[in-house]
Amino acid sequence: MQRVFSGIAPSGIPTLGNYLGAIRNWVRLQADHECLWCVVDLHAITVWQDPVALRQQTLEMTAALLACGVNPSEHILFPQSAVRAHVQLGWIFNCIARVGWLNRMTQFKDKAGKDRENASSGLYVYPNLMAADIHAYHATRVPVGDDQRQHLELANDIAKKFNHDYGMNFFPNIEPLVLGPAARVMSLRDGTRKMSKSDTSDQSRINLTDDPDMIALKIRRAKTDSLPIPSNLADLEERPEARNLIGIFAALLDADHATVLTNYGGMGFGPFKAALIELLVEKLSPIASETRRHLNDKGLIIRVLKTGAERAAAIADPIVAEVERIVGFM
Ligand code: TRP
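In the working numbering, the protein residues as written are -6 to 323.
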């Protein structure tokens, strides 16, 4: 069985974008893979995090992951900082990766923005830590969004250079399971931007604990254009908001855009939105109530994370100990 590793930011209650883009896929991978799911708090602090909020958001993300069907007994769910192997291997990878490689990472440029001099050095070496996350377990399959493809290529470059420099075939090649743009959920206010926790407007996203009234309000207010729903896929081009709502509907049904257009083509957005609201409420209500139930028992979440960390360390520690021996540490 292939070993899968993936990470998600401790961003609190996930959005519909997190769910359709990542989490739902994680749950499906559990059927025929050995999975490690990591809440990446070490990565989170590459930009400022309020300590109280960080802890709370880690609990919320964990509660929601459990509610979505992440299985912490057959698989492993843990907070990154609780397994020291990530940091230990991350340092070694800081010494393998070349500055020139990191300078090509587009995410650093995006996240650092204009004031690059003031970005943390952690943000710069973020991809090295991500490589360590995966290689500390000899994981070979990594589900990620399109935006992480470059980081996975870097992780493979690091593995190759390590293997070459130390003259052994120690780290396996990673195969990305890149989720196509179909799984990409965009902002409800601007169909050209990704649905995100960091958007200042809560109206731009559906959170997995939004109640039915809130879901209805946000979808009714979601930006559209004045044309009816088209019947042909080609007519969705240049209509990012329409494409996004159709895409969400399709993803919730596990269908494609074309199937939705067959059923709703020619209709106005009013009735389409009503159907979308109904579908969202049907799919998300059970997740919302499960998440709330878990959040009422923080002790349970903490125990799940602790057990997960112990089991993760049992895999990573011997691998990283071997790396340290290879490198020549005492
Ligand atoms: N960088 C990833 C993201 O922003 C999160 C992440 C951290 C990750 N470590 C990982 C994903 C390891 C896959 C494997 O989505």
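Ideal Cβ positions, reconstructed from N, Cα and C, are used throughout, including at glycine.
Everything numeric in this text was worked out from a predicted model, so none of it was measured.
Distance, residue j Cα to residue i Cα
| i | j | result |
| --- | --- | --- |
| Ala37 | Pro3 | 7 angstroms |
| Arg186 | Ile16 | 20 angstroms |
| Tyr119 | Cys31 | 15 angstroms |
| Ile326 | Met54 | Since the first residue shown for the chain is -6 and the last is 323, residue 326 is missing from the structure and cannot be characterised. |
| Arg318 | Glu146 | 26 angstroms |
| Ala267 | Leu47 | 36 angstroms |
| Leu13 | Met323 | 46 angstroms |
| Ile294 | Asn18 | 22 angstroms |
| His26 | Ile1 | 18 angstroms |
| Leu220 | Ser191 | 30 angstroms |
| Phe262 | Ser189 | 23 angstroms |
| Gln23 | Leu172 | 16 angstroms |
| Ile89 | Ala235 | 45 angstroms |
| Asn87 | Arg304 | 26 angstroms |
| Leu288 | Glu271 | 25 angstroms |
| Thr169 | Val135 | The sequence given here places Pro at residue 169; Thr does not occur at that position. Taking the straight line joining both Cα atoms gives about 5 angstroms. |
| Gln324 | Met98 | Residue 324 falls outside the range modelled here, since the chain spans only -6 to 323, and no answer is possible. |
| Ser194 | Glu315 | 48 angstroms |
| Ile308 | Arg182 | 43 angstroms |
| Ile212 | Leu59 | 26 angstroms |
Own chain, CB closer than 8 angstroms to residue i, minus 5 neighbours either side, in chain order
| i | result |
| --- | --- |
| His131 | Arg(-4), Phe164, Pro165, Ile312 |
| Ser114 | none |
Cβ distance (whole Å) where residue i is taken to contact residue j below 8 angstroms
| i | j | result |
| --- | --- | --- |
| Arg285 | Thr202 | 7 angstroms |
| Arg214 | Gln196 | 6 angstroms |
| Val320 | Ile127 | Val320 to Ile127, Cβ: 18 angstroms. No contact. |
Proximal residues to residue i (C-beta, below 7 angstroms), its chain only, five neighbours per side dropped
| i | result |
| --- | --- |
| Thr51 | Pro3, Val32, Asp34, Pro72 |
| Leu229 | Pro223, Ala235, Arg236, Ile239, His250 |
| Trp94 | Leu147, Asp150 |
Cutoff 6 angstroms; reference residue i; Cβ partners in own chain excluding five residues on either side
| i | result |
| --- | --- |
| Phe265 | Ile222, Tyr257 |
| Leu70 | Trp30, Val63, Gly301 |
- Would you check if there are 3 or more beta carbon pairs closer than 8 angstroms linking the region 70 to 89 to the region 98 to 111? no
- Message: For the pair the region 262 to 280 and the region 199 to 215, tell me if three or more CB-CB distances fall below 8 angstroms.
- Response: yes
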